[in-house]
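Each remark here refers to the structure printed beneath this line.
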Ligand SMILES: NC(=O)c1ccc[n+]([C@@H]2O[C@H](COP(=O)([O-])OP(=O)(O)OC[C@H]3O[C@@H](n4cnc5c(N)ncnc54)[C@H](O)[C@@H]3O)[C@@H](O)[C@H]2O)c1
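Residue numbers (this note's numbering): 1 to 334.
Here it is as structure tokens:
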């Protein structure tokens, strides 16, 4: 399945142009189309808004027109938006055809392409429609990241930092002595980091493909993050970084996490261009959290860290989360 540290030219063996169709977006195609001479391709506009029924309908119609059949392989080349769309489309087109991914964002490599979840949005409700189905292959070529804008690197690093927090302190140690520029300069180090993250997500996902338990720890920092993202217009990575800081406060209170870790995490977030403070309306954010699907009555399922590198879910009183948001907001105000 995995071709980590690979070369994009391996695609010609994995999915030859005669039976493959590429799905990608305008940015990726503009920067990298020269690698894919001879492939039929469908190029979408960039951005989350593409993850819609309309896109799936349009793409399916175009596939039919191109004569795509049960023996065709769809290849998603792009970030998480493209791999989600490709995986979902391939799962439903003609009741399911073969697909593979060439992730081109750090987030795509360490997160979105792994685990078999493929989803589209329904308006503001993210990933409401989807399937769980594994790609036949995932091909990494770190050269593809050269064109990635800084903000997208930071988005990916938020998830890298998360893996360190929930499962592997070695990742945190590496992050503490490096920064974005360093990883760009030493591709071998970047590869090691990516492989470590893929390993973490894979282990968690293969132990719990249907998300009944363990997989929930991947949501560390994401409960508050989703609300920050919607209310404050932050990028996903920025929101996840801040959400992890809120989750640390809660972990200190309910799971015995040493408060020194929060300071350590702040330093790491800064190194990767992520914010550590935010002015926001606590009531508005808490209101959104109350309507979160993970909430039952006055309690909320929350991922906490008893210590760095270890995570589990706890059902917490909603008031405790609101209190942590209050204190985070006050601290940000200083
Ligand atoms: N299925 C899952 O398990 C899973 C997990 C996490 C996230 N996701 C999904 O992933 C999506 C976010 O993924 P993303 O952050 O990769 O965003 P994205 O795919 O929207 O890409 C972000 C931006 O970077 C551009 N880009 C991508 N690769 C590039 C490159 N090599 N050079 C220059 N520009 C490039 C894109 O065109 C886009 O503008 C969300 O929709 C999220 O729901 C899915």
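Heads up, the beta-carbon is just placed ideally off N, CA and C, and yes, glycines get one too. Just so we're clear, the structure is a prediction, and the values are computed from it rather than from any experiment.
Check: residue i C-beta below 7 Å from any heavy atom of ligand 1
i           : result
residue 149 : yes
residue 161 : no
residue 202 : no
residue 11  : no
residue 144 : yes
residue 79  : yes
residue 115 : yes
residue 155 : yes
residue 28  : yes
residue 216 : no
residue 152 : yes
residue 105 : yes
residue 219 : no
residue 189 : no
residue 82  : yes
residue 119 : yes
residue 127 : yes
residue 108 : yes
residue 199 : no
residue 31  : yes
residue 390 : Because the chain is modelled from 1 through 334, residue 390 falls outside the range shown and cannot be assessed.
residue 54  : no
Of the residues the options, the one placed nearest residue i, counting alpha carbons only
i           : options               : result
residue 62  : 42, 51 and 48         : 42
residue 9   : 21, 35, 18 and 26     : 35
residue 54  : 66, 120 and 30        : 120
residue 208 : 115, 246, 128 and 261 : 115
residue 309 : 186, 329, 261 and 282 : 261
residue 272 : 65, 180, 169 and 77   : 180
residue 237 : 77, 7 and 160         : 160
residue 70  : 93, 319, 279 and 46   : 93
residue 95  : 5, 131 and 127        : 131
residue 65  : 84, 21, 102 and 50    : 21
residue 228 : 30, 147, 199 and 280  : 280
residue 143 : 276, 302, 28 and 334  : 28
residue 242 : 253, 226 and 256      : 226
residue 106 : 169, 197 and 329      : 197
Bounding residues of the alpha helix (DSSP H) (the contiguous stretch that carries residue i)
i           : result
residue 321 : 318-333
residue 160 : 150-167
residue 215 : Looking at the DSSP string, residue 215 is not in any alpha helix (DSSP H), and its letter there is neither H nor E.
residue 261 : 260-271
residue 228 : 222-232
residue 54  : 53-65
residue 242 : 236-254
N- and C-terminal bounds of the beta strand (DSSP E) containing residue i
i           : result
residue 132 : 125-132
residue 24  : 20-25
residue 364 : Nothing in the structure corresponds to residue 364, since the chain is present only between 1 and 334.
Residue i - partner residues in DSSP beta bridges
i           : result
residue 76  : 23 and 101
residue 338 : In the structure as shown, the chain starts at 1 and stops at 334, and residue 338 therefore has no counterpart that could be examined.
residue 43  : 24
residue 3   : 139
residue 312 : 304
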